[in-house]
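Colleague: Numbering (UniProt numbering), first residue to last: 1 to 692.
C-beta: ideal position from N, C-alpha, C; glycine also.
Predicted model only: the values in this text are computed from it and were never measured.
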Amino acid sequence: MADYLVIVESPAKAKTIERYLGKKYKVKASIGHVRDLPRSQTGIDVENNYEPKYITIRGKGPVLQELKTAAKKAKKVFLASDPDREGEAIAWHLATALNIDTNSECRVVFNEITKDAILESFKHPRPIDMNLVDAQQARRILDRLVGYNISPILWKKVKKGLSAGRVQSVALRLIIDRENEIKHFVPEEYWTIDGKFEKDTKQFNAVFFGIENEKVKLTNEQQVKDILKNLKGNKFEVTNVVKKERKRNAAPAFTTSSLQQEAARKLNFRARKTMMLAQQLYEGIDLGKKEGTVGLITYMRTDSTRISETAKSEAFDYINEKYGKEYIVGEAKKAKKATNAQDAHEAIRPTSVLRSPNELKEVLSRDQLRLYRLIWERFVASQMAPAILDTVSVDLKNENVLFRANGSHVKFPGFMKLYIEGTDDATEETTKLLPEMEVGDKVTSLDIDPIQHFTQPPPRYTEARLVKELEELGIGRPSTYAPTLDVIQKRGYVQLETKRFVPTELGEIVHAATLEFFPEIINIEFTAQMEHDLDAIEEGITKWVEVIDAFYKDFEPRVKHADEVMEKIEIKDEPAGEDCENCGAPMVYKLGRYGKFMACSNFPDCRNTKAIMKPIGVKCPNCETGEIVERKSKTKRLFYGCNNYPECEFVSWDKPISRPCPKCSALLVEKKIKKGIQIQCTKCDYEEAPTQ
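1. Could you check the C-alpha separation between residue 169 and residue 528 for me, to the nearest Å?
2. Report back the beta-carbon spacing between residue 388 and residue 361 to the nearest angstrom; my notes put them in contact at under 8 angstroms.
3. Could you check the C-alpha separation between residue 306 and residue 467 for me, to the nearest Å?
4. Rounding to the nearest angstrom, what Cα-Cα distance links residue 531 and residue 254 in this structure?
5. Between the alpha carbons of residue 497 and residue 17, how many angstroms are there, rounded?
6. What residue range does the beta strand (DSSP E) around residue 443 cover?
7. Closest to residue 667 by C-alpha separation, out of 461, 590, 620 and 267, would be which residue?
8. Could you tell me the boundaries of the beta strand (DSSP E) in which residue 11 lies?
9. Helix or strand or just coil, what does DSSP make of residue 402?
10. What would DSSP say about residue 652, mapped onto helix, strand or coil?
11. With distances taken from CA atoms, which of 590, 589, 597 and 601 is nearest residue 583?
12. Whole angstroms are fine: how far does the CA of residue 87 sit from the CA of residue 10?
13. Taking all protein chains shown into account, decide if residue 480 is buried (16 or more other Cβ within 10 angstroms of its Cβ) or exposed.
14. Could you give the distance in angstroms between the alpha-carbon of residue 397 and the alpha-carbon of residue 465?
15. Buried or exposed for residue 525, please, with buried defined as at least 16 other CB atoms from any protein chain shown within 10 angstroms of its CB.
16. Output the distance between the C-alpha atoms of residue 106 and residue 79, rounded to the nearest integer angstrom.
17. With DSSP collapsed to three states, give me the class of residue 240.
18. Roughly how many angstroms lie between the CA atoms of residue 672 and residue 163, to the nearest whole one?
19. In angstroms with no decimal places, state the Cα-to-Cα distance between residue 553 and residue 559.
20. I'd like the ranges of any alpha helix (DSSP H) spanning at least 4 consecutive residues and lying wholly in the region 261-314.
21. Once you ignore the five residues that flank residue 613 on each side, which residues in its own chain have a CB closer than 6 angstroms to its CB?
22. For the candidate residues 416, 402 and 363, whose alpha-carbon lies nearest to that of residue 382?
23. Just the C-alpha distance for residue 85 and residue 459, rounded to the nearest angstrom, thanks.
24. Whole-angstrom Cβ separation of residue 4 and residue 115, contact assumed at under 8 angstroms?
25. Note down, in chain order, each residue of its chain lying with its Cβ closer than 8 angstroms to the Cβ of residue 690, except the 5 sequence neighbours on either side.
26. What distance in whole Å lies between the Cβ atoms of residue 8 and residue 34, which are believed to be in contact at a cut-off of 8 angstroms?
27. Given this structure, state the Cα-to-Cα distance separating residue 519 from residue 512, to the nearest angstrom.
28. DSSP beta-bridge partners for residue 44?
29. Under 9 angstroms between the Cβ atoms of residue 571 and residue 516?
30. Around the C-beta of residue 149, are 16 or more other C-beta atoms found within 10 angstroms, so that it is buried, or is it exposed?
31. By how many angstroms is the C-alpha of residue 521 removed from the C-alpha of residue 503?
32. With a threshold of 8 angstroms on Cβ separation, who are the neighbours of residue 228 within its own chain once the five nearest residues in sequence on each side are excluded?
33. If we ignore side chains and look at the alpha-carbon of each, how far apart do residue 648 and residue 625 end up?
34. Look at the alpha carbon of residue 207 and the alpha carbon of residue 187, and state the distance between them as a whole number of angstroms.
35. Report yes or no: do the region 349-367 and the region 232-251 share at least 3 C-beta pairs separated by less than 8 angstroms?
36. Apart from the five residues on each side of it in sequence, which residues of its chain come closer than 8 angstroms, Cβ to Cβ, to residue 139?
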C-alpha cells in the first residue's frame, strides 16, 4: 500500500501525477466537488450568521467512501485540487469530510502538470488558505441567496424555468442596453472625398483633410461641392512630408478572457468550446511511450499576464535558435495589471515551448491543435522583439484644399513574423507604400471621388465582445464567463443571430421585472463592487459574513415587496399562421431548449410539434416534389433539408441555389470560403469566382 494519498479533481490528471510521484504515492480523483448546498432548498441559515448547510452531492457517496477508505490507510493525505478559489474550497470540503486538519501542511498547488512542477510543488505543501475558501464560500452563498429568492418569484409571476443571478443579469442588461441603443440610433450624414494620385507613374491614394491646415468635417453635399469648386486643375503640390519610425509591441500571453476573445475571432470557437479544449490540454495529452501523458498548457483560469523566469528563458533560447538574437525582446514593457485582477498565477502558456504545434499533429485532435497553436504562437510572440514600422504622412495642396496620404511598411517584422493579434473590427491594419516625395514635388490627381456615408449604430455583442466588456467592467471572474453566456441562452433570454446576441421577448420581460424590483442586481457598479468585496475577503481584509449581511439586509425586504406587488405577466404565444394537421387547432411558436419551434395550441390534449422551416425557393433535387428549407441542428448550426423529411433525407450544410449547373445540370450551392462566397457544383468541378 502506498504511503501517501494525493487527491486531485480530475481522473485525467491522476495517472500522470502518480507516474511523476512514484510508487509511494497513490493519486485518486474527487471528480470535482463532493459537497455542496442542497438543490431542494436555499440551504443558508440567515438567522445564524448565514451558516451554509452542506450535503454530499447526489452520486458522490461512493467516491467519497473510496477516498475515506484510502485516507485511513495512508500516512498522509495531500489535497491537490485546482489552484484557484474554487479549488481551495474543494480541498476544504475534502479535508472536512476526511477529518484532515486544515492547519496541517496538506495542500499542494501547481500551475502546470509537468514532472518538474509537480515534484517542486510537493516540496512546499501548505495549510488550506481559509481566506480563499471564505471568498469562494461568500460567492456561492451570495449567488444562492439571489438565485433562490428571485427565481421562484419569476416562476410564479412570469414563467416556470426562469432564473436570475448577479453576473447573468448584468450580461443580459448589457445586451438589452445595446439593443436599445441600436433601436434609438439616429444616423448622421457625413462625407469623405477620396483621391487617386500619381507620382512618377506610381499611383497612391489620399483623402481630403481640410482647408489650409485646419481639419474640416464634411457633413453635407453642398459643403463638398463648395470645396471641389476651389480645386484648380489636377496638379497638387507636396507641402509637408513627415517620416517616423514606430514600434509595435506584441500582445501579452493569454488570460482566460483574452483567450476566449481570440479563439472566437481566429478560430470561430464559442467560449464554452474554448474552455473545454483548454481543460483537455491542461489536464494532459498522451504523447506516446517517450513522454506518456503530459499537460501541454498551464492552468487556463487566470487573469494574469505574468510569465515565470524559467518559461521566459526557454522561450529566449528557442527564439534565438529559430529566428536570431535580434528577435528576442529586450526590456519587456510590463503589462498593465487590470484593477480587478487577482494575479494568482501565470498567464496561459505552453508548458514547454519546445513542443511546437507541428510536432503534436499526430496526437492532438484538429480543434485541440488549433487552440494549442494559438496559445503557443501568442506566448512565443509575446517574448519577441517589437516590430518596427516606417511610417510616412504626406500633405498635398491644390489652392487651399488639403489632402493627406498615409503609408507604412515593415522595416523589421519582430513578433509579427510569427503572430498578429486579431481584431473585432471589420478592417485589419494594412501596410501600403507611398512613392518617394519631397516638399515642392508636384503630383497629379487621377480621380477625385466624393462619397456619402451615414454613421452606423454600435454593433451587437459577439461572445468575444461581451466577455471583453464584462472583464473591463470588473464583472465576474475567468471561470464565470463561459457558464454565464451559456445560461442566458439556455433560459431563452437571448439568441445568437449571425454570431451576435439578440434579446428575446422573454429576456426583455425578465430584465424589466428585475430592473423594477431588484435594481442593485443589474447595477454594474454594485456588481463590480461585490467582486472587490470578494477580493477583500480573499486578502483577509473583510469577513465574509459582514459582506453577505450588508447585502442581505437590503435585499430581503425587496424580495418580500416583489412577491407581494409584482403582477403576473402573461406571455402570449405567437401564432404560427397554420393549423395543426392532427386536430385542426392553430399552431403557435414556442421557445424550447434549442430555440423556437411550432406546437399545437391545444396542448396538452394535442402534443403535436414540428420544427420551423423557412423555404429558400429551391426544389429538392432528391425527391423533386419537396422544397428545400432552412433548419437548425441542436447546436444551432444552420443546414438545409427537404420539407418531406423523413420520407426524403436530402441534407446540405451549403445553401442550394435555384439555377442548375451549366455544365452537368446538377445542384449548385453557395460555399463559404476564405475569400467570400463561391458557387460550386455538387457533382462536377464547375465553380464560379468568389464574391464577398
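Modeller: Let's see:
1. Within the sequence shown, numbered from 1, the residue matching residue 169 stands at position 169. Within the sequence shown, numbered from 1, the residue matching residue 528 stands at position 528. C-alpha separation (whole angstroms): 13 angstroms.
2. Working through the sequence shown from its first residue, we reach residue 388 at position 388. Working through the sequence shown from its first residue, we reach residue 361 at position 361. Contact flag wrong, Cβ pair sits at about 33 angstroms.
3. Here the question's residue 306 lines up with position 306 in the sequence shown. Here the question's residue 467 lines up with position 467 in the sequence shown. About 20 angstroms.
4. In the sequence shown, residue 531 corresponds to position 531, counting from 1. In the sequence shown, residue 254 corresponds to position 254, counting from 1. Going from the Cα of residue 531 to the Cα of residue 254 covers about 22 angstroms.
5. Here the question's residue 497 lines up with position 497 in the sequence shown. Here the question's residue 17 lines up with position 17 in the sequence shown. Going by the C-alpha atoms only, they are around 44 angstroms apart.
6. Within the sequence shown, residue 443 is the residue found at index 443, counting from 1. From DSSP, the beta strand (DSSP E) with residue 443 extends over 442-454.
7. Against the sequence shown, residue 667 aligns to sequence position 667. Checking every option, the nearest Cα to that of residue 667 belongs to 620.
8. Counted from its first residue, the sequence shown places residue 11 at position 11. Residue 11 -> not in any beta strand (DSSP E); alpha helix (DSSP H) instead, spanning 11-21.
9. The sequence position of residue 402 within the sequence shown is 402, counting from 1. DSSP places residue 402 in strand when its eight states are reduced to three.
10. Translated into the one-based positions of the sequence shown, residue 652 becomes position 652. If DSSP states are grouped into helix, strand and coil, residue 652 belongs with the strands.
11. Here the question's residue 583 lines up with position 583 in the sequence shown. Considering only alpha carbons, the answer is 601.
12. Within the sequence shown, numbered from 1, the residue matching residue 10 stands at position 10. Within the sequence shown, numbered from 1, the residue matching residue 87 stands at position 87. Whole-angstrom Cα-Cα distance: 11 angstroms.
13. As a first step, residue 480 is located in the sequence shown; it is residue number 480 there, counting from the start. Classification of residue 480: buried, given that the 10 Å Cβ count is 16 or more.
14. The residue you call residue 397 lines up with position 397 of the sequence shown. The residue you call residue 465 lines up with position 465 of the sequence shown. Cα to Cα, the separation comes out at about 41 angstroms.
15. Stepping through the sequence shown from its first residue, residue 525 is reached at position 525. With fewer than 16 Cβ atoms within 10 Å of its Cβ, residue 525 is classed as exposed.
16. Here residue 106 is taken as the residue at index 106 of the sequence shown, counted from 1. Here residue 79 is taken as the residue at index 79 of the sequence shown, counted from 1. Those two C-alpha atoms are separated by around 6 angstroms.
17. On the sequence shown, residue 240 is found 240 positions in, with the first residue counted as 1. DSSP places residue 240 in strand when its eight states are reduced to three.
18. Working through the sequence shown from its first residue, we reach residue 672 at position 672. Working through the sequence shown from its first residue, we reach residue 163 at position 163. Roughly 38 angstroms between the two C-alpha positions.
19. Start at 1 with the first residue of the sequence shown, and residue 553 comes out as number 553. Start at 1 with the first residue of the sequence shown, and residue 559 comes out as number 559. Cα to Cα, the separation comes out at about 11 angstroms.
20. 271-283
21. As a first step, residue 613 is located in the sequence shown; it is residue number 613 there, counting from the start. These residues qualify, in order along the chain: 629 and 643.
22. Residue numbering aside, residue 382 sits at position 382 when the sequence shown is read from its first letter. Looking at the Cα atoms, 416 is the closest of the given residues.
23. What you label residue 85 is simply residue 85 of the sequence shown in a count that begins at 1. What you label residue 459 is simply residue 459 of the sequence shown in a count that begins at 1. Their backbone Cα atoms lie some 35 angstroms apart in a straight line.
24. Numbered from 1 along the sequence shown, position 4 holds the residue referred to as residue 4. Numbered from 1 along the sequence shown, position 115 holds the residue referred to as residue 115. About 17 angstroms; that fails the 8 angstroms criterion.
25. Walking along the sequence shown from the start, residue 690 turns up at place 690. If we look at residue 690 and ignore the five residues flanking it on each side, its Cβ neighbours are 673, 675, 676, 677 and 678.
26. Translated into positions along the sequence shown, residue 34 becomes position 34. Translated into positions along the sequence shown, residue 8 becomes position 8. Wrong, their Cβ atoms sit about 13 angstroms apart, outside the cutoff.
27. For the purposes of this step, residue 519 is identified with residue 519 of the sequence shown, where counting begins at 1. For the purposes of this step, residue 512 is identified with residue 512 of the sequence shown, where counting begins at 1. Whole-angstrom Cα-Cα distance: 10 angstroms.
28. Here residue 44 is taken as the residue at index 44 of the sequence shown, counted from 1. Answer by DSSP bridge pairing, in chain order: 52.
29. To locate residue 571, count along the sequence shown from 1; it is residue 571. To locate residue 516, count along the sequence shown from 1; it is residue 516. Not in contact: residue 571 and residue 516 (Cβ atoms no closer than 9 angstroms).
30. Mapped onto the sequence shown, residue 149 falls at position 149. It counts as buried.
31. Along the sequence shown, one-based indexing puts residue 503 at 503. Along the sequence shown, one-based indexing puts residue 521 at 521. Rounded to whole angstroms, residue 503 to residue 521 spans 18 angstroms at the Cα level.
32. For the purposes of this step, residue 228 is taken as the residue at position 228 of the sequence shown. Cβ within range, chain order: 193, 448 and 450.
33. What you label residue 648 is simply residue 648 of the sequence shown in a count that begins at 1. What you label residue 625 is simply residue 625 of the sequence shown in a count that begins at 1. Residue 648 and residue 625: Cα-Cα distance of roughly 10 angstroms.
34. Position 207 of the sequence shown, counted from the start, is the residue given in the question as residue 207. Position 187 of the sequence shown, counted from the start, is the residue given in the question as residue 187. If you take the alpha carbons of residue 207 and residue 187, they lie about 22 angstroms apart.
35. no
36. Counted from its first residue, the sequence shown places residue 139 at position 139. Closer than 8 angstroms at the Cβ level, and outside the excluded window around residue 139, lie 85 and 534.
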